[in-house]
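Written below as structure tokens is the structure these notes are about.
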Amino acid sequence: MRIDEQPRTRWVDQSAFHSRRPDLRLGPRSPRFDRPGAVTGDRIAVRHTVRTSTAEYALLLNAPEWLGHRGVGEALRDAVAELRAIDLTYGPNRPESLVSRLRRGEISPESYPPLADLVDRCVAMRAATDGWFDAWAVPGGFDPGGLLGGWAVERVAARLRAAGIHDYAVLTGADLVVRGHAAHGGPWRVAVHHPTDRRRAPLVLEMTAGAVGTSGVTGRQGHVVDPHTGEPVDQMVAATVVGPDLAVADAYATALYAAGPAGLAWFGNGSDYRPLFAHRR
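What follows is the structure, encoded as structure tokens:
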């Protein structure tokens, strides 16, 4: 058994995978929930799928009974509304989005606090990755797409916690955020499948708080560019990073996909983030 330095994520020995069914699976296909076991205690279990113009999100809530079905429904509607609002308000491909208006110089980041937070995160990740994540070095100008999905999920997670739901999972593509416990009362068991090699056994994590972010899982070559040259990169198959925050994990995965093995230097002993997969073509 290998214990991660992060106290809330545990690497499980592969032999444990056969005796412990995972709650969540991540891989090249759409993420999915395994059939749940018995719900422990006074809980309300809810599953919901949300589609926006750019992504599909899956939410699994394990809410306290005292919140009631009405309270859980209101929290779920609020989470869905937040995802749709982010898609409309910040989508780089929407001409009237705040990101597009910022790109055209019509507004400043300080005009809207969430936009300022998004820009600040992009600045921080550009510094953390030696410029390999650079939202300004892409065709067309500023594009936070490398961390926008993770940022959206983290904002939804914050809304769920504010509503009194502290046990949940939110998944999109090969990314996820989890917190608290699954319906069986234990940590979320997450099986992370290799992005391209289906013959390989999945890496199994037990998590009570954390995120998994992946870049390259779609198999589309050229969707990430080298910010130093502007040319598409294709030396990596995919890159997956685990850590506390999905926006940061997503940005690290995007940068690692672009930088290749040189990017492994970012994940030292003092880092809260670490790579799970980083494979050359």
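Position 85 of the sequence shown, counted from 1, bears residue number 92 in the working numbering, the numbering being contiguous throughout. Heads up, the beta-carbon is just placed ideally off N, CA and C, and yes, glycines get one too. These numbers were taken from a predicted model, which means no experiment stands behind them.
Bridge-paired residues (DSSP) for Thr61:
Note: Thr61 sits in no beta bridge, so no partner.
Gly220 beta carbon less than 8 Å from that of Met243:
no
Using a Cβ-Cβ cutoff of less than 8 Å, which residues in the same chain neighbour Glu89 once the five nearest sequence positions on both sides are dropped?
Ala159, Arg162, Val163, Arg166
Straight-line CA distance for Asp233 to His173?
38 Å
Asn100 versus Ile93: straight-line alpha-carbon distance, rounded:
12 Å
To test your reading of the DSSP string, which unbroken alpha helix (DSSP H) runs of 4 or more residues are found completely within the segment 162 to 238?
none
DSSP three-state label for Arg32, please.
strand
If we ignore side chains and look at the alpha-carbon of each, how far apart do Ala82 and Gly237 end up?
42 Å
Once you ignore the five residues that flank Pro194 on each side, which residues in its own chain have a CB closer than 7 Å to its CB?
His188, Glu213, Met214, Thr215
Spatial neighbours of Val87 within its chain, please: CB distance less than 6 Å, with the 5 preceding and 5 following residues excluded, ordered by chain position.
Val57
With burial defined as no fewer than 16 other Cβ atoms inside 10 Å of the residue's Cβ, what is the status of Gly49: buried or exposed?
Residue identity differs from the one stated: residue 49 is Asp in this sequence, not Gly. So Asp49 counts as exposed.
When burial is assigned at 16 or more other CB atoms within 10 Å of the CB, is Trp73 buried or exposed?
exposed
Residues sharing a beta bridge with Ile51, DSSP
Ala70
Are the Cβ atoms of Ala265 and Trp139 separated by less than 8 Å?
yes
Bridge partner(s) assigned by DSSP for Arg281
Val249
Buried or exposed: where does Ala218 fall if 16 or more other Cβ atoms within 10 Å of its Cβ makes it buried?
buried
Enclosing alpha helix (DSSP H) for Pro121 [first to last residue]
120 to 135
I'd like the list of long-range same chain contacts for Ala254, defined as Cβ closer than 7 Å, with 5 residues on each side in sequence excluded.
Arg128, Leu154, Gly157, Trp158, Glu161
Using beta-carbon positions only, say whether Arg196 and Pro29 come within less than 8 Å of one another.
yes
In chain order, what residues of the same chain lie with their CB nearer than 6 Å to the CB of His201, ignoring the 5 residues before and after it?
Arg207
Taking Pro239 as the reference, give the member of Arg186, Glu103, Val145 with the closest Cα.
Val145
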